[in-house]
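So for the sequence shown, our numbering puts the first residue at 4; every next one is plus one. By construction, the Cβ of each residue, glycine as well, lies at the ideal position given by its N, Cα and C atoms.
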Amino acid sequence: MDPLDSHNFPSPAGAHIDGIVSTAAESKPDAGSSPAEATPIQPDPGEESLFNIGDSPFGLSPGRLSRLIEPKCVAALQALGGLPGLERGLRTDVRAGLSIYETKVQKAPDQPNGGPAKPPSLLNKRDSDHYSDRRRIFGENRLPDRKSKSFLALAWVALQDRVLILLSVAAAISLALGLYQTFDGHHDEGQGPARVEWIEGVAIIVAILVVVLVGALNDWQKERQFRRLNRKKEDRFVTVVRSGRAARLSVHDVLVGDVMVVEQGDVIPVDGVLIEGHNVSCDESSATGESDVVKKMPADVVSQHFLQRDVNERKLDPFLLSGARVLDGVGKFLVTAVGPHSSLGRTMMALRNDPGMTPLQARLNILAGYIAKLGSAAGLLLFTVLLIEFLARLPGNTASSEEKGQTFLRILITAITIIVVAVPEGLPLAVTLSLAFATKKMTRENNLVRHLQSCETMGNATVICSDKTGTLTQNVMTVVAGCLGIGGITFGDKPFSPRRTERGGSDSNGISTTHDSTGEKQQLTISELASTVSPEVRTLIKESVAINSTAFEGEENSQPIFIGTKTETALLDWARQSFSLGPLATERTQYPLVYVLPFNSRRKCMGSVMRLPNNKHRLLVKGAPEVVLEQCSTAVADPAQPPSPSPLQESDKKEISNIVSQYASLSLRTLALAYRDLDTWPPPETGSEEQHTDDGYANLLFHNMTWLGVVAIQDPVREGVPAAVRDCRRASVTVKMVTGDKVETARAIARECGIITDDNNNNHNGIRVMEGAEFSRLSEEQRRTVVRELCVLARSSPDNKRVLVESLRALGEVVAVTGDGTNDAPALKAADVGFSMGVTGTEVAKEASDIILMDDNFSSIVKALAWGRAINDAVKKFLQFQITVNITAVVLTFVSAVASSEERSVLNAIQLLWVNLIMDTFAALALATDPPNGSLLDRAPEPRKALLITLTMWKMILGQSLYQLAVCLTLHFAGPSLLWYYPEPQLRTLVFNTFVFMQIFKLVNSRRIDNKLNIFEGLHRNHLFMLMLAVMVAGQVLIVFVGGDAFVVVRLNGVQWEISLVLGFLSIPAGILIRLVPDAWLRACVRRVPALPRWRRKRQEKDEEACTSANGRDLESAMFVVRDDLAFLKRVRGGRIAALSEAIAVRPGQNHVELGQRRRSKSTVQSAVGMPGLLAASIGAARSQDHPQCRAE
C-alpha cells in the first residue's frame, strides 16, 4: 500500500482498469472515433526525432507526451491509452511510483516498474547508474546551462572599447616610429647609452592588455558567481512516491514516470496528468495567459466522461502544467515531461534574457556619464591647447621629423589617456562586485537573494512586518495543554493550566483545577490523559488528528518522522505519545475519505469526511476555536465516558472562550477539534459538491457540530530574536508583527520578543494591537493615524497584511515583509523587499519574494539589513575614492602639460594607465568587499530622496583633492628650489611615486564616509582589502625599481622614498582634519550656489513625458536617464560599457504592469550630480529635489 494513500484520496470509479495492458504504441482509436481523436499524435516538421522511439525501452517518446499539453488534448490522452497506457508506456506504477532499484530498463513487457527481477543493493551501484535509461530518453528536470562567454570572449569584448582602440593605434604608431628611430637612426658612441625609443609604445600596449585582461577576469568571475547563485535559488524540494514510500527530493531529481504529490501553494515544476486528488484547482495564467482558475479532474474520470460524451470536453482537464500554481486542494499526478521538454522549460528556453541593472547601478551610471563628459571635455581641451602650442612652436623647432612626430603622438596619447582615466567604468564594476560579494555571504547567512536590487533596498528599510510562526518563534510545536469537553478534563503542565472560574476552584499553588461530580480533581498531566478518557473519546481524538490531516510519514536519519505542517505534526506526535497512534497508513485504511476541504486562511479551519464501518459518515473539523465554536451546537459532556453530546449553552461557550483566552495570554496557540455524524453522504441539505463553491459548500456543511475540545500548542520564541529586535530599534527600524493568532497570544509573544515594551506603551497613546479585519475596515485617514503606532496585527489575513504594507508605503516608509503562504504573494509584491520562508513557505510565496530566508529566522532579516547598508556604503566609499583620483589626475596632467615647454605631462600615459588600474580595479575589489560592522546599525536609514554623494563625502573629496594637488604641483614646479637639486627624471619619478602613495593611503582613508575618525574599524576582517593594498604597494615598488624606460622612471634614493611615503601617509592626518571641519560650513557655501541650469529642468520634463507615454510599461525615469547618459558613454567607449548599456531593459514579466500599480524603484534617488561643472552642480544638487520618479505615490 502506498503510504501516500495515507492521504486516502477517494478513488474514482475505474481508477484502476486491471484488464488494460496495452502499451501506448499499441493503442489505436476506436472505429467510431472522430478524426480529432484518430490523429492527434503527429510530429510537426523538424520534430520527428522527438517522436522516434528507436532503441528506447519505453513505449512513449518525449514528442508523443508533449502532445498531451501543447495544446491540452484529451483525445491525445485517449490515443495513448489513458492513464493505464501512460503507466504502461512509462514503465511505472501510479500507486508505488518508480522503483528505487531501477537502473537499466529492460524491453521485456513483464516488468512494469522497469526494475530488475532481483533488486541489487544500492550501496554497490553508482548514482549515475540509477534511472540511466529514463534520463537518457526523457532528460533531467533542469534547463541546459546558458552558454556563457569564455574568458577570451570577455577579453575581446573589453578590447572593443573605442578609447582603448584609439590608444592602441596611437601606441602602435609610436612603437613603429620608435623602432625606426632605434634601428635606423644614427647614434654617436660618445653620447652615452643608446636610447630605446620603442619602449614607451610597447609599455602602453602591455598596459592596455593588462587593463583588458583584468577587466575580463572580473567579468568572468562575476558571471560564475551569479551562475552559482541562480542554481542555488532554482533548487527546492518536492514530494514524490518511489517504491511505495514518500520521499523528499530536489526538484532537479524528478524524472518522467515519477508520482508527485502537490498541495495548496505549490508551484508545479513539471508537466503531468492528475492521478487522484481533492478540489485541485490551479492558476495557469503564467503558462497560458488565462486568468481563470482551472479545476482539475483525475485522468480516469476524464476518460469516462470523454467516452460517454456526457460533459463538455472543455471542462475535462486532467493536465498539470509546469509553472502553474496550486490554489487549492491536494493530489497526486504522473510526471510526463521535465526540463526543456516541459511547457515551462520550452518557454524559458525561448525567453532567456540577461537581467537588467539594479537601481544602484543605474544611479552610478548616471554619475559615470557626467564624469565621462567632463573627462572627455578635459581630454579634448588638453589636446587642443597642446596642439596649438605645438603648432606655434613648430617654425622654430630644429628637431628631426621623427622627433616632431613623437611629440605629436605623445600629445595625442596623453589626451586619450586622460579620457581613459576619466571615464569611470569602475563604478558599475564596484556595485557589481559589492552585490556579488554580498549575495555570496548572505547565502551563507541563510539569505538567498533572488533579486539583486533587494539587497541595496533592504539597507534603507524603515519598517519590517514579520510573521510570527517560524520567524519570531522556533516553529517547533508541542501540545502542552488542553481541555476536553465542557468542564470535563483539563490537562497539561502546571505553568500552562487555565484558570477555571465557573466550575472549578484553585489549589494551594494558585493553579485552577476542575472537579467532576464527585469533587475529584480532574487536572491531569499529559501522561495521565490516556488512562482517563474513554476508549471512544480516544478514538475520536485519533481520528481528528490522523484522518483529518495532510501530513504523512517519512524517514530522517533512518528514524520515522511526520512530514507536514508543524501544527499537524505536533498533533500527531501528541496522539502517538498519549494515545498510541499507529502508522498513518493503517489508521487511514480503516476509515477511507470521501471528501476533504483543505485549510485556507479565509475559513481558518479544515474538514474531512470519512466513511464509517456502518456505512455512515463522520465529518471531522479542526481550526480556530472562535470559528469552530460558533458552528457547534452540542459538546462532549464527559470525556471519561462514551460520547454523549449535550446541548452547548451560551455560558458554556463563554467558559470555553475564557479558557482559550487564558491559553493565548500564555503565548500558546490554540486549536479546536469538533465532529459531526452524518447518516448519508452528501447530506440532503447540502446537495452535491459540484453545485457549490468550496467556501459555499463548507458553510452548508460546517454547522450543528459537536465540540470535542481545544488543545494548546507551545511554539517558543527563537533564541536571538529579542536581541535582533533590539538591533532593529537601534537602527531606527520599526518591527511590526503580523499573525493569524488571537490578540492575546499575539500580544504575549510581542512582549516576549521586545516588539511591545513598557517604554513604547507609556510613550504613545496609539493603538498597539489590532485585529486585521478591524484594521481593514478603517478609512484611509484613520489607517494613516493608526499604522505608525501599530505594533501587532492579530487574526490577520493575507489581504489585511497587504493593506498594512500599502498603508505604510503611502506614508513614505521603506517596507520589508515576510510571508509563507500562497495568499501572501500580493503583500510580498507590494512591499519594497519581500522575504519568503525557505522551510515552511509555499512555492508561490517564494516566487513572489525578493529574498528567501533559508532558516525562517527573523535574525537573518537583520543580517540582510546590515548587508544592505554595507552594499550602499561600499559603493559610496569607492565613489569617494574614485572622484578624488579623477579630479587630481585630470587637473595635474592638464596643468603640468600646458605649463611644459615640451607639451609633456608630469604623469605620462603608461603611469596614468597604472593609476587607472589602481582606481578602477584594485580599489573596487578592496572597497566593495567591506563586510558589515557593528556601527552600521547605529544610524537611521537613509530617506528615499537621500543624496548619492553626501555633503560629508564632498567635503572629503574636495579636501583630499586640494591636498594632493598642492603636494604634487609644489613638488613639480617648486621642487628644485624647495629641495636640493634633483635631476628632472628623479623629480618626475618622485612626483609619480608620491602621487601613487597618496592614492594608496587615501584608499584606507576612504573606508569611512561619515565624520567618525576610526578608519581602521573592521580592517582586519577584510582580507581582500589587505591583499589589494599589498598588491598596489608591491606593484609601485617594482615599477620604480625595475620599470625603467617602460614607465619612464628612475630609481629613487632613501630620502626620496621617505618623502614619498611621508607625503602619502599625510593623507590620513589630512582626512582627520577634514572630518573635524563642521558640515555646516560647507552647507553654508552650498546655499550660495545658483540653481541648477535650465537644461536640467528640461530633462525632467522630457523624462516625465517619456514615462507618461510608456503605455503602462515599467520604465522608471532613472532608466531613461541612464539610457541617455550611457548613449554618450557607449559612443565614447563601447566595449564593456556597450554591453552594460544594452542590459538596461524591462525585466521579463514586468512589461504588462500598469503605471501606479507596480513596485517602486528599489533605490532612493537617481542622480544628485549635474553639469556644467561636476563640482558646483553636484554640490548644488543638495539644494534641489531629486529627479522625479515615474510612480504613483
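Beta-carbon proximity check, residue i vs residue j, cutoff 8 Å
i	j	result
L868	A464	yes
V3	D286	Summary: the structure shown does not reach residue 3, with the chain confined to residues 4 through 1196, and so no result is reported for it.
T891	S839	no
A302	L324	no
T955	I1042	no
A900	L389	yes
N551	K625	yes
L674	V714	yes
R1010	D923	no
S547	L487	no
V329	V273	no
V736	L807	no
F602	M609	yes
N478	D718	yes
F1050	Q914	yes
Pick from the options that is closest to residue i, judged by C-alpha positions
i	options	result
T420	L1066, S611, V893, L940	V893
L384	F897, I913, W917	F897
F861	V918, G757, R812	G757
R621	Q652, V482, D680	D680
I752	V847, R672, L676	R672
R942	G462, I422, G84	G462
K569	T553, N1008, V741, P725	T553
V738	G712, F995, L916, I467	I467
R413	N911, A79, I1062	N911
T476	A484, S346, P725, K545	P725
N996	A1087, G495, R1054, P979	R1054
L397	N1014, V1040, P1072, E905	E905
R67	S153, G815, D331, S345	S345
L916	G280, V244, V423	V423
S457	F1004, P321, L811, D853	D853
Sequence-distant residues of the same chain with beta carbon closer than 7 Å to residue i, five excluded per side
i	result
E755	S670, V720
V77	V305, F309, E316, L319
R750	I759, V772, V795
E688	L703
V847	G268, V270, R328, T825, A828
S863	E448, N449, N450, L856
K619	D680, L681, D682
Within-8 Å CB hit, residue i to chain D
i	result
P685	This model lacks chain D altogether, as it is built from one protein chain only.
Own chain residues within Cβ distance below 6 Å of residue i, not counting five before or after
i	result
P829	R805
M857	N449, L451, G841
R137	L258
T95	L101, G260
A418	G382, L385, F386
V215	A158, A161, L162
L781	none
Counterpart residues of residue i in DSSP-defined beta bridges
i	result
V297	C285
D933	Per DSSP, none; premise fails for D933.
N450	L856
G585	DSSP, once it has assigned bridges, lists no residue as partnering G585.
I611	The identity of residue 611 in the sequence shown is Ser, whereas the question assumes Ile. Its beta-bridge partners are V599, L623.
Q914	Partner(s): none; Q914 has no beta bridge.
W710	A638, A677
R672	I716
Spatial neighbours of residue i in its chain, beta-carbon cut-off 8 Å, leaving aside the 5 residues before and after
i	result
I1075	L1016
D496	V483, A484, T528, I529
(request) Kindly provide the ranges of any alpha helix (DSSP H) runs that are 4 or more residues long and lie completely inside the segment 936-1008, ordered along the chain. (result) 954-981, 987-1008
(request) Ignoring anything shorter than 4 residues or poking outside the segment 63-95, list the alpha helix (DSSP H) runs there in chain order. (result) 65-72, 77-82, 85-92
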